[in-house]
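One line per chain: the protein sequences are A and B, in this order.
Anchor point for the first sequence: position 274 equals 274 in my numbering, and the numbering is continuous, going up by one each time.
For my numbering, add 406 to where a residue sits in the second sequence, where the first one is 1.
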Amino acid sequence: MSLDIQKIRSEFPILDQQVHGKPLVYLDNAATTQKPQLVIDAVNDVYTQYNSNIHRGVHHLSNVCTQAFEDARIKVQRFINAEHSHEVIFTRGTTESVNLIAHSFGDVFLKEGDEVIVSQLEHHSNIVPWQMLEQRKGITLKVIPINDQGELMLEELDALITEKTRLVAVAHISNALGTINPIKTIIDKCHQRDIPVMIDGAQAVQHVAVDVQALDCDFYVFSGHKLYGPTGIGVLYGKEKWLNQMTPYQGGGEMIQTVSFEGTTFNELPFKFEAGTPDYSGAIGLGAAIDYVTNIGVEKIAAYEHELLEYGTARLEAIPQMNIYGTAAEKASVISFLVGNIHPYDMGMMLDKMGLAVRTGHHCAQPLMQRYNIPGTVRASFAVYNTKEEIDQLVEGVLKVSRLFG
Amino acid sequence: MTINEIQDEIVEEFSSFEDWMDKYSYLIEIGNELEPFNDEWRLDQNLIEGCQSKVWFHAEMKDGKVFYSADSDAIIVKGIVGLLLRAMSGQSPDDILNNDLNFVEKIGLKEHLSPTRSNGLVAMIKQMRLYAVAFKAKQA
Numbered sequence: 001m002s003l004d005i006q007k008i009r010s011e012f013p014i015l016d017q018q019v020h021g022k023p024l025v026y027l028d029n030a031a032t033t034q035k036p037q038l039v040i041d042a043v044n045d046v047y048t049q050y051n052s053n054i055h056r057g058v059h060h061l062s063n064v065c066t067q068a069f070e071d072a073r074i075k076v077q078r079f080i081n082a083e084h085s086h087e088v089i090f091t092r093g094t095t096e097s098v099n100l101i102a103h104s105f106g107d108v109f110l111k112e113g114d115e116v117i118v119s120q121l122e123h124h125s126n127i128v129p130w131q132m133l134e135q136r137k138g139i140t141l142k143v144i145p146i147n148d149q150g151e152l153m154l155e156e157l158d159a160l161i162t163e164k165t166r167l168v169a170v171a172h173i174s175n176a177l178g179t180i181n182p183i184k185t186i187i188d189k190c191h192q193r194d195i196p197v198m199i200d201g202a203q204a205v206q207h208v209a210v211d212v213q214a215l216d217c218d219f220y221v222f223s224g225h226k227l228y229g230p231t232g233i234g235v236l237y238g239k240e241k242w243l244n245q246m247t248p249y250q251g252g253g254e255m256i257q258t259v260s261f262e263g264t265t266f267n268e269l270p271f272k273f274e275a276g277t278p279d280y281s282g283a284i285g286l287g288a289a290i291d292y293v294t295n296i297g298v299e300k301i302a303a304y305e306h307e308l309l310e311y312g313t314a315r316l317e318a319i320p321q322m323n324i325y326g327t328a329a330e331k332a333s334v335i336s337f338l339v340g341n342i343h344p345y346d347m348g349m350m351l352d353k354m355g356l357a358v359r360t361g362h363h364c365a366q367p368l369m370q371r372y373n374i375p376g377t378v379r380a381s382f383a384v385y386n387t388k389e390e391i392d393q394l395v396e397g398v399l400k401v402s403r404l405f406g
Numbered sequence: 407m408t409i410n411e412i413q414d415e416i417v418e419e420f421s422s423f424e425d426w427m428d429k430y431s432y433l434i435e436i437g438n439e440l441e442p443f444n445d446e447w448r449l450d451q452n453l454i455e456g457c458q459s460k461v462w463f464h465a466e467m468k469d470g471k472v473f474y475s476a477d478s479d480a481i482i483v484k485g486i487v488g489l490l491l492r493a494m495s496g497q498s499p500d501d502i503l504n505n506d507l508n509f510v511e512k513i514g515l516k517e518h519l520s521p522t523r524s525n526g527l528v529a530m531i532k533q534m535r536l537y538a539v540a541f542k543a544k545q546a
């Protein structure tokens, strides 16, 4: 049964507007997604009906809010099929999750001379925290190269692994190229050598079904705002065997058992990693977003987005002097491109005037842009509410701009 | 011409454009016709790296006036560079420092000078003013 896209569109209030006198065509979903009324209502309801600090209170509203927050945690657990809900840590987002792992896993398991492997297509959030560890702890960061199509060269991974490799951290799906990485293969390969794997799922959870037990990944991280949820909330999934051994990230209330000036003991999972008052309205909003996506069906969303990807790629490819970056055999609905010598900034600015919202630049993946020797790309990224008509508008816009610069 | 006279001229030129398309076509024309940037100045130390585009920038003092030269890898940015150079280059340090470049807003291109835009223009204008300050100090 195919999706009723017009009905879905009507559930996103922000989509119905004009930009520079033209209907908004929002194609910047890899940067952030729009929110369905259901999610907006869920967050609103917290503040209009039961807002109260959680876990600590004995009064009614506090109980209601605590329950809603912990229900959201269970929703996340089910969404990614984690074995235990205490393996689901709420953070501010993917970036914080990676930093938490770099800090806390790093504290216990990484020492000078140890190696961490990332890839050439990573977002800065999965590069810089490890570079900071290079500075702080003297670890060595190694990089899996990609081929011209934007696929990880797995044969290189074998060569990169040594007895000093302590962690491999790669994206599930590339934000700039759309490449879907063979993470199951990578995880199996690494586990054969007893190396844990962290997967950056920021660009994946909204496009494909994720089962962390089937994947057997050691860590999986993602953000709420790219999954039709609120900004400021994210998830760190970690196998309890790792999380139990890791030192806390931030200290404060909530993550403690007892505190005295003679000594302090830390709380159990998940609270050990959730210091201070959490973004409970964000978590509850994320729970609502998960409900929304699950209701539609992640597989259905994936299938529809694949249609959009094929259609968009075919139409864009027909444009003279078109260069599409990221032509992996397995891709999510992201198309990064350049037309002739037209600078992405110029293209993006002009498309904006036609109501088309795309992203331009290096997409927080400068090493990747350096590899292709380009200043950046124009990126169109699709979500469940985009349509083929919108893709037609994009193509028309790109043609218009290329004629102007031609 | 004074900076203000030049600014008025530019505003006048742009007022004839109804359509954003025509405005940007003109801007692109200006960008394409920008005086070529001397290759010996195209060095990393003269590069203003923006998140979106790069700007190369050079300044020198001659007969009490500051002369600027600049280039960008994005043509729209080049167009605005062209307008900024037209307004500010060949003027005295005092005149440069006392002007707020309001013509950019008047022609509806203020968005390109937003600090978050990171196209190098905001940093370039800052550099233009810094050079004016430095040259003025040298004169004194």
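Cβ coordinates follow ideal geometry from the N, Cα and C atoms, glycine included.
**Q.** Buried/exposed call for residue 441(B), threshold 16 Cβ in 10 Å
**A.** To locate residue 441(B), count along the second sequence from 1; it is residue 35. Exposed: under 16 other Cβ atoms inside 10 Å.
Q) If we ignore side chains and look at the alpha-carbon of each, how far apart do residue 163(A) and residue 156(A) end up? A) As a position in the first sequence, residue 163(A) is number 163, starting the count at 1. As a position in the first sequence, residue 156(A) is number 156, starting the count at 1. Looking at the two C-alpha atoms, the distance is approximately 16 angstroms.
Q.
Between the alpha carbons of residue 293(A) and residue 37(A), how many angstroms are there, rounded?
A. Here residue 293(A) refers to the residue found at position 293 of the first sequence. Here residue 37(A) refers to the residue found at position 37 of the first sequence. Across the structure, residue 293(A) and residue 37(A) are spaced so that their CA atoms are roughly 13 angstroms apart.
**Q.** At least 3 beta-carbon pairs within less than 8 angstroms: the stretch 307 to 322 of chain A vs the stretch 447 to 461 of chain B
**A.** no
Q.
Taking beta-carbon pairs under 7 angstroms, can you tell me which members of the stretch 344 to 375 of chain A lie near chain B?
A. 345, 346, 349, 350, 353, 360, 361, 375
Q. Can residue 227(A) and residue 174(A) be called in contact, C-beta distance under 8 angstroms?
A. In the first sequence, residue 227(A) corresponds to position 227, counting from 1. In the first sequence, residue 174(A) corresponds to position 174, counting from 1. Cβ distance not < 8 angstroms, so residue 227(A) and residue 174(A) don't count as in contact.
(Q) Quick test of your reading: residue 150(A) and residue 325(A), contact by CB under 8 angstroms. State the CB separation rounded to the nearest angstrom. (A) Residue 150(A) sits at position 150 when you count from the first residue of the first sequence. Residue 325(A) sits at position 325 when you count from the first residue of the first sequence. Contact flag correct, Cβ pair sits at about 7 angstroms.
(Q) By DSSP's criteria, residue 320(A) is part of a beta bridge. Which residues make up the other side? (A) Numbered from 1 along the first sequence, position 320 holds the residue referred to as residue 320(A). Residue 320(A) pairs with nothing; no bridge assigned.
Q) On the three-state DSSP scale, how would you describe residue 54(A)? A) Here residue 54(A) corresponds to residue number 54 of the first sequence, with the count starting at 1. It is coil, neither helix nor strand.
**Q.** Span of the alpha helix (DSSP H), counted from its first residue to its last, around residue 291(A)
**A.** Position 291 of the first sequence holds residue 291(A). That run of the alpha helix (DSSP H) goes 280 to 296.
Q. Enumerated in chain order, which unbroken segments of the beta strand (DSSP E) with a length of 3 residues or greater are wholly contained in the stretch 355 to 391 of chain A?
A. Within the stretch 355 to 391 of chain A, the complete beta strand (DSSP E) segments at least 3 residues long are 359 to 361, 377 to 381, listed from N- to C-terminus.
Q. Residue 388(A): buried (16+ other C-beta within 10 angstroms of its C-beta) or exposed?
A. Residue 388(A) sits at position 388 when you count from the first residue of the first sequence. By the 16-neighbour rule on beta-carbons within 10 angstroms, residue 388(A) is exposed.
Q | Short-range partners of chain A found in the stretch 473 to 503 of chain B, where Cβ spacing is below 8 angstroms | A | Taking a C-beta cut-off of 8 angstroms against chain A, the contacting residues of the stretch 473 to 503 of chain B are 479, 480, 481, 482, 483, listed in chain order.
Q.
Any beta carbon of chain B sitting closer than 8 angstroms to that of residue 86(A)?
A. As a first step, residue 86(A) must be located in the first sequence, where it is residue number 86. For residue 86(A), the answer is no, since every Cβ of chain B falls outside 8 angstroms of its Cβ.
**Q.** Test: residue 520(B) CB closer than 8 angstroms to a CB of chain A
**A.** Here the question's residue 520(B) lines up with position 114 in the second sequence. Cβ-Cβ to chain A under 8 angstroms: no for residue 520(B).
Q: Give every residue of the same chain whose Cβ lies closer than 6 angstroms to the Cβ of residue 385(A), excluding the five residues on either side of it in the sequence, and list them in chain order.
A: As a working note, residue 385(A) is residue 385 in the first sequence. So the qualifying residues of the chain are 8, 9, 12.
Q. Among residues of its own chain, excluding the 5 on either side of residue 196(A), which ones have a beta-carbon nearer than 6 angstroms to its beta-carbon?
A. Taking the first residue of the first sequence as position 1, residue 196(A) is located at position 196. Once the five neighbours on either side are set aside, the close Cβ partners of residue 196(A) are 167, 218.
Q: Just tell me which of 366(A), 376(A), 299(A), 310(A) has its CA closest to the CA of residue 337(A).
A: For the purposes of this step, residue 337(A) is identified with residue 337 of the first sequence, where counting begins at 1. Comparing Cα-Cα distances from residue 337(A) to each of 366(A), 376(A), 299(A), 310(A), the minimum goes to 376(A).
Q) Considering residue 198(A), what are the terminal residues of the beta strand (DSSP E) in which it resides? A) By 1-based counting over the first sequence, the position of residue 198(A) is 198. Here the beta strand (DSSP E) through residue 198(A) covers 197 to 200.
Q. Ordered along the chain, which non-local residues of its own chain (more than five positions away) have a Cβ less than 8 angstroms from that of residue 158(A)?
A. As a position in the first sequence, residue 158(A) is number 158, starting the count at 1. Answer for residue 158(A): 189, listed in chain order.
Q. Near residue 416(B), what residues of its chain come up, given a Cβ to Cβ distance below 8 angstroms and the 5 sequence neighbours on each side ignored?
A. For the purposes of this step, residue 416(B) is taken as residue 10 along the second sequence, with counting starting at 1. Contacts found: 489, 492, 493, 509, 513.
Q: Use the C-beta contact count for residue 433(B): other C-beta atoms within 10 angstroms, 16 or more gives buried, fewer gives exposed.
A: By 1-based counting over the second sequence, the position of residue 433(B) is 27. Looking at its Cβ environment, which holds 16 or more other Cβ atoms inside 10 Å, residue 433(B) is buried.
Q) DSSP three-state call for residue 27(A): helix, strand or coil? A) Position 27 of the first sequence, counting from 1, holds the residue named residue 27(A). Three-state result, residue 27(A): coil.
(Q) Considering only DSSP beta bridges, list what residue 115(A) is partnered with. (A) Within the first sequence, residue 115(A) is the residue found at index 115, counting from 1. Beta-bridge pairing links residue 115(A) to 140(A), 165(A).
Q: Check the C-beta distance from residue 94(A) over to residue 221(A) and give it rounded, since I have them as a contact under 8 angstroms.
A: For the purposes of this step, residue 94(A) is taken as the residue at position 94 of the first sequence. For the purposes of this step, residue 221(A) is taken as the residue at position 221 of the first sequence. Sure, about 5 angstroms apart at Cβ, within 8 angstroms.
Q: With DSSP as the reference, label residue 34(A) as helix, strand or coil.
A: Here residue 34(A) is taken as the residue at index 34 of the first sequence, counted from 1. Taken through DSSP and simplified to helix, strand or coil, residue 34(A) comes out as coil.
(Q) Counting only C-beta atoms, is residue 451(B) closer than 8 angstroms to chain A at any point? (A) Sequence index remark: in the second sequence, residue 451(B) carries index 45 (1-based). Not an interface residue.
Q: Identify, in the order they occur along the chain, each residue of the same chain with its Cβ nearer than 6 angstroms to the Cβ of residue 397(A), setting aside the five sequence neighbours on each side.
A: By 1-based counting over the first sequence, the position of residue 397(A) is 397. Excluding sequence neighbours, residue 397(A) sits near 351, 354, 356.
Q: Rounded to whole angstroms, what's the CA-CA distance from residue 124(A) to residue 176(A)? Just pull it up for me.
A: Walking along the first sequence from the start, residue 124(A) turns up at place 124. Walking along the first sequence from the start, residue 176(A) turns up at place 176. Answer to the nearest angstrom: the Cα atoms are 12 angstroms apart.
Q: Kindly list, in the order they appear in chain A, the residues whose Cβ is closer than 8 angstroms to that of residue 426(B).
A: Indexing the second sequence from 1 puts residue 426(B) at position 20. Going along chain A in sequence order, the residues near residue 426(B) (Cβ under 8 angstroms) are 20, 353.
Q | Per-residue DSSP class, three states only, for residue 330(A) | A | Along the first sequence, read from residue 1 onward, the residue named residue 330(A) stands at position 330. Residue state, collapsed to three classes: coil.
Q: Step through the CB atoms of chain B and report whether any lies within less than 8 angstroms of the CB of residue 338(A).
A: On the first sequence, position 338 is the one that residue 338(A) refers to. Taking Cβ atoms only, chain B never reaches closer than 8 angstroms to residue 338(A), which makes this a no.
Q) Is the distance from the Cβ of residue 169(A) to the Cβ of residue 118(A) below 8 angstroms? A) Along the first sequence, one-based indexing puts residue 169(A) at 169. Along the first sequence, one-based indexing puts residue 118(A) at 118. Yes. Within cutoff.
(Q) Which residues in chain B have a C-beta closer than 9 angstroms to the C-beta of residue 404(A)? List them in chain order. (A) In the first sequence, counting from the first residue as 1, residue 404(A) sits at position 404. Residues of chain B passing the Cβ test: 427, 430, 431, 434.
**Q.** For residue 232(A), the nearest candidate out of 273(A), 207(A), 282(A) (CA to CA)
**A.** On the first sequence, residue 232(A) is found 232 positions in, with the first residue counted as 1. Answer by Cα proximity: 282(A).
Q) Is residue 172(A) closer than 8 angstroms to residue 146(A) when the C-beta atoms are compared? A) Position 146 of the first sequence, counting from 1, holds the residue named residue 146(A). Position 172 of the first sequence, counting from 1, holds the residue named residue 172(A). Contact: no.
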